[in-house]
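Residue numbers (numbering that gives the first Met the number 0): 0 to 238. All residues carry an ideal CB built from backbone N, CA and C; glycine is no exception. If you're wondering where the values come from, they're calculated on a predicted model, not measured in any experiment. Accompanying notes for the structure given below.
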Amino acid sequence: MTFFERPWPDSPLLRLSGDLVPMRLAHFAGLGLALVLSCAKPPPSCPPCEAPAVVNRGERGEPEPAPVKRTDLIRRGDKPQTLVGKTLSVGDSLPTFELVGSGSAETVRSSDFQGKWVVLSVVPSIDTRVCEAQTGMIVAMTDKLAAGTLVVTISRDLQFAQRRFIEENRFTNVTFGSDAKLREFGSRMGLEVEETGLLARSLWLVSPEGKIVYSELVTDQSHEPNYDALTAAIAKARG
């Protein structure tokens, strides 16, 4: 005898409800339909996963890597000086930079050097005796160099000081560049002196392809560079 075939006790309540079996069938059919409908519902949708945002080192609170510092390359007298950054050398490519022009050009860019031989004469400050002597020697060499050679004097003097220097010395057709504002040249060449914030005295010869073919980083910054060595390097490089 099945569950639905069992006799049920006679009572007024059951008699009022009519036939019990159809009621039970309807009841269980309703439960079954509800169960089926609940199972057929799709699971709640999840929001799509988003890729984590790229966070820079500084935004995470992590310190930036410290720049390279060298105290064994230059000195002033007996006192070592610190160069900040990687100082370039022969074989390296000239980095991109921009200077505020003080001579024949309002702006001096490294991109202007393409296809030219370039001499870069770097001095700490033109308002010192040694820097004045170096600049005078380099300007005097300009007329003796082969055609197509550009000579640029670079310092961190303000352009107003450079212009005054040019006028006082009656220089004509010269190119001066100030790194005081942007400071790209010193940082990218590795020529910034930590103790003074100025540039290290040096000479550079750059090929038309933008390669450094000669450099002199003056060991004792209180001395002038070797002009004869530069002249010989130019003659050798240009054949």
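Along the alpha helix (DSSP H) that carries residue i, what are the first and last residues, could you check?
i      : result
Gly135 : Arg128 to Thr141
Glu183 : Glu183 to Met188
Glu167 : Gln158 to Glu167
Leu93  : Leu93 -> no alpha helix (DSSP H), and no H or E assigned at all.
Lys235 : Tyr226 to Arg237
If I measure Cβ to Cβ from residue i and keep anything under 8 Å in the same chain, skipping five residues before and after, which residues do I get?
i      : result
Ala236 : Trp116, Leu204, Ser206, Val212 and Tyr213
Cys130 : Val122, Pro123, Ser124, Ser154 and Arg200
Lys85  : Val67 and Gly189
Thr81  : Lys68, Arg69, Thr70, Val192, Glu193 and Glu194
Ser110 : Thr95
Leu181 : Phe96, Glu97, Leu98 and Val99
Ala231 : none
Answer yes or no: do residue i and residue j have a C-beta to C-beta separation smaller than 8 Å?
i      : j      : result
Gly153 : Phe112 : Note that residue 153 is Ile in the sequence shown, not Gly. No, they are not a contact pair.
Leu202 : Val151 : no
Gly102 : Val173 : yes
Val187 : Phe96  : Looking at the sequence provided, one finds Arg at residue 187 rather than Val. In contact: Arg187 and Phe96 (Cβ atoms closer than 8 Å).
Gly76  : Ser221 : yes
Gly209 : Val107 : no
Leu197 : Glu215 : no
Val138 : Phe170 : yes
Asp227 : Arg74  : no
In chain order, what residues of the same chain lie with their CB nearer than 6 Å to the CB of residue i, ignoring the 5 residues before and after it?
i      : result
Ala241 : What the structure shows of the chain is the stretch from 0 to 238, and residue 241 is not part of that stretch, so it cannot be assessed.
Leu149 : Lys115 and Val117
Phe159 : none
Met140 : none
Kindly indicate the opening and closing residues of the beta strand (DSSP E) around residue i.
i      : result
Lys68  : Lys68 to Arg75
Leu202 : Ser201 to Val205
Phe175 : Thr174 to Ser177
Excluding the 5 residues preceding and the 5 following residue i in the sequence, name in chain order all residues of the same chain whose CB lies nearer than 7 Å to its CB.
i      : result
Ile233 : Leu144 and Leu204
Leu87  : Met188, Gly189 and Ile211
Asn225 : Glu215
Glu223 : Val129, Ala132 and Gln133
Ala104 : Thr174
Assuming residue i and residue j are in contact, meaning their beta carbons sit under 8 Å apart, how far apart are those beta carbons, in whole angstroms?
i      : j      : result
Gly135 : Asn168 : 7 Å
inquiry  = Within 8 Å, do at least three Cβ pairs link the region 86-93 to the region 125-136?
reply    = Two segments are said to touch when three or more pairs of C-beta atoms, one from each, lie closer than 8 Å; by this definition the region 125-136 does not touch the region 86-93.
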